[in-house]
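A short write-up of the structure that comes next.
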RNA sequence: GGCGGGUUGGCGGAGAGGUUACGCAGCGGAUUGCAAAUCCGUGAAGACCGGUUCGAUUCCGGUACCCGCCUCCA
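Numbering (the numbering used here), first residue to last: 5 to 475.
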């Protein structure tokens with residue numbers, strides 16, 4: 005059997021993966037807080053751990069892997085979104101508004117992640133369905149001396165867990181010296197973090213031994229992973245930004261609540277996403293969602309390809325250039341594998357993925373399969389990496405994909421239609437009609453180019469009104 | 001301030017202590033309504049300074065620079 009090797013953040017080493025029970029491999033990945041569309045950065049862990057999930061299924065069998073990814077549907081950002089709508093005059097109750105918002109966001113999330121080719125996890129628990137387990141866990145922590153109630157709050161006593169800070173390589177004393185911690189009157193120690201907090205009448209709340217309130221961030225993952233995967237499970241994943249404090253706190257809670265378990269044995273973290281060399285942020289104006297890209301007719305598999313071309317442990321740069329390269333490569337591969345029977349995944353490729361998920365190297369191997377004419381193997385390999393079969397999609401047959409020019413994005417639909425038609429006419433060797441169509445498009449002030457993917461570049465004479473008139 | 005990641009050819013991006021990464025672009029050629037697609041061939045690298053070694057881009061140390069987390073945003 006293939007030995008999978010994974011980098012464990014806890015030990016800072018790449019280790020042989022040795023599941024507790026090979027017939028029941030268990031993985032937990034931190035999912036989204038459902039208050040808005042997922043941005044591109046949110047999608048990276050989804051794709052990274054989807055590849056791991058596929059690899060685990062390939063090695064241990066599809067029925068022997070349990071993948072849990074939560075929806076955090078209780079959070080102050082969600083409350084704020086609902087309160088804003090209520091303030092704007094919506095007559096419905098806060099609870100109804102919250103429910104509507106979280107349900108809608110979960111639908112969006114599914115739509116967007118499905119488009120990236122991510123398999124649905126085995127279980128997708130919602131935090132609000134596990135409030136009882138959270139309360140039970142908090143009670144246990146208090147009984148064990150690891151937490152204390154004060155003024156309607158319950159706090160975790162960080163000093164009661166000697167390994168606190170081990171995952172992220174921090175010491176409690178150093179962090180306090182850094183003085184960047186919230187000092188609150190109800191805290192024994194500045195590093196103590198909230199397990200439960202009181203809710204006033206304007207906030208959602210649940211009855212608890214400490215009064216009506218709601219859980220703090222962190223406890224939901226500890227409670228749900230315990231309920232669904234047990235005291236000890238194999239892999240816990242998420243973005244590197246979650247390493248501290250989220251995962252550190254999860255470990256502290258779970259280790260103290262279940263001292264006989266190991267909690268998660270392997271901790272995996274993906275590095276961050278950047279856009280054109282910079283962190284994605286609203287202030288830089290380079291912030292966008294997965295849906296924004298899909299709406300620009302960028303296929304989900306192209307986004308996936310760009311993600312996989314960088315190892316998960318390195319920052320990944322989303323650039324328009326890489327998007328174009330990925331489009332061209334996938335287009336070639338889909339043409340090669342269209343209608344070809346699916347063969348076997350080469351052992352060498354599985355070994356490459358098993359070596360700490362080296363997706364970037366695996367892509368070079370796919371290039372080699374393509375160069376050698378091994379199209380059946382290429383097709384199977386693409387499937388393992390989560391790409392659709394050529395027969396399931398059709399953009400590669402005629403074109404699609406636009407130049408990334410920002411000022412064309414809002415005309416994506418009409419341009420896509422026109423470019424597709426142009427390509428189809430050329431494919432049909434109807435050059436008279438193709439050239440005539442080209443002339444009418446270029447009359448709008450666009451320059452067409454028959455590249456790997458037909459594209460349109462705006463000139464200084466670009467007139468959007470004329471373009472829309474071509475509809 | 002604390003912790004962590006990175007620096008490879010024009011661009012993106014890997015593996016391996018000694019042998020071609022790979023892709024894109026470029027260049028030469030074939031083919032082709034096409035500015036395309038396809039096919040054949042081809043040049044080009046390892047931030048800086050030391051150390052270990054018969055030999056390092058690959059191991060070790062230092063320097064410089066870049067980036068992220070520690071704070072609501074993944």
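Backbone N, C-alpha and C define an ideal beta-carbon position, used for all residues, glycine too.
| Item | Value |
| --- | --- |
| Could you give the residue range of the beta strand (DSSP E) that holds residue 276? | Run containing residue 276: none; DSSP gives neither H nor E here. |
| What residue from 109, 98, 28 has the CA that sits closest to residue 35's CA? | 109 |
| Checking 8 angstroms against the spacing of the C-beta atoms, do residue 59 and residue 357 come in under that value? | yes |
| If you check the beta carbons only, do residue 316 and residue 375 fall under 8 angstroms apart? | no |
| Once you ignore the five residues that flank residue 244 on each side, which residues in its own chain have a CB closer than 6 angstroms to its CB? | 273, 275 |
| Could you tell me whether the stretch 63-71 touches the stretch 297-306, where touching means 3 or more Cβ pairs closer than 8 angstroms? | no |
| Quick check: what's the CA-CA separation for residue 318 versus residue 362? | 11 angstroms |
| If we ignore side chains and look at the alpha-carbon of each, how far apart do residue 470 and residue 327 end up? | 28 angstroms |
| Could you spell out the range, first to last residue, of the beta strand (DSSP E) harbouring residue 311? | Element bounds for residue 311: not the beta strand (DSSP E) but the alpha helix (DSSP H), 304-312. |
| Helix, strand or coil, according to DSSP, for residue 403 in the structure here? | With a pLDDT of only 48 at residue 403, under 50, the local geometry of the prediction cannot be trusted, and no value is derived from it. |
| Identify whether residue 261 lies in helix, strand or coil by the three-state DSSP scheme. | helix |
| Checking 8 angstroms against the spacing of the C-beta atoms, do residue 121 and residue 347 come in under that value? | no |
| Please classify residue 435 as buried or exposed, where buried requires at least 16 other C-beta atoms within 10 Å of its C-beta. | exposed |
| The beta strand (DSSP E) that contains residue 62, what's its start and end? | Taken as a continuous stretch (DSSP letters only), residue 62 belongs to no beta strand (DSSP E), being part of the alpha helix (DSSP H) at 44-64. |
| Compare the beta carbon distance of residue 33 and residue 96 with 8 angstroms and say whether it is the shorter of the two. | no |
| Beta-carbon separation of residue 43 and residue 284 under 8 angstroms? | yes |
| In chain order, what are the residue ranges of uninterrupted alpha helix (DSSP H) at least 4 long that sit wholly in the stretch 124-189? | 135-147, 176-181 |
| Which two residues bound the contiguous beta strand (DSSP E) that contains residue 4? | Summary: the structure shown does not reach residue 4, with the chain confined to residues 5 through 475, and so no result is reported for it. |
| Which value, in whole angstroms, describes the spacing of the CA atoms of residue 291 and residue 118? | 21 angstroms |
| Classify residue 365 as buried or exposed, calling it buried when 16 or more other Cβ atoms lie within 10 Å of its own Cβ. | exposed |
| Where do the N-terminal and C-terminal ends of the beta strand (DSSP E) with residue 348 fall, by residue? | Counting along the chain, residue 348 falls outside any beta strand (DSSP E), and DSSP gives it neither H nor E. |
| Taking the DSSP output, what are the residues bridged to residue 17? | 12 |
| Is it a yes or a no for the stretch 230-239 touching the stretch 258-269, going by three-plus beta-carbon pairs under 8 angstroms? | yes |
| Please report the residue range of the beta strand (DSSP E) in which residue 240 lies. | 236-243 |
| For residue 76 and residue 38, which I take to be in contact (beta-carbon distance under 8 angstroms), what is that distance rounded to the nearest angstrom? | 7 angstroms |
| Can you tell which of 30, 459, 453, 463 has the C-alpha that lies nearest to the C-alpha of residue 239? | 30 |
| Would you report the Cα separation of residue 268 and residue 463, rounded to the nearest angstrom? | 56 angstroms |
| Which residues share a DSSP beta bridge with residue 224? | Residue 224 pairs with nothing; no bridge assigned. |
| Please confirm if the stretch 122-139 is in contact with the stretch 247-254, defined as three or more CB-CB distances below 8 angstroms between the two stretches. | no |
| On the premise that residue 416 lies in contact with residue 426, defined as a C-beta separation below 8 angstroms, what is that separation, rounded to the nearest angstrom? | 15 angstroms between Cβ atoms; not a contact. |
| What separation, rounded to the nearest whole angstrom, lies between the Cα atoms of residue 409 and residue 396? | Low per-residue confidence applies at residue 409: pLDDT is 43, beneath 50, and the placement is therefore not dependable, though the value from the model is reported in the following sentence. So the alpha carbons of these two residues sit roughly 28 angstroms apart. |
| Return the bridge partner residues of residue 359 from the DSSP annotation. | 9 |
| What does residue 453 pair with, by DSSP beta-bridge criteria? | 459 |
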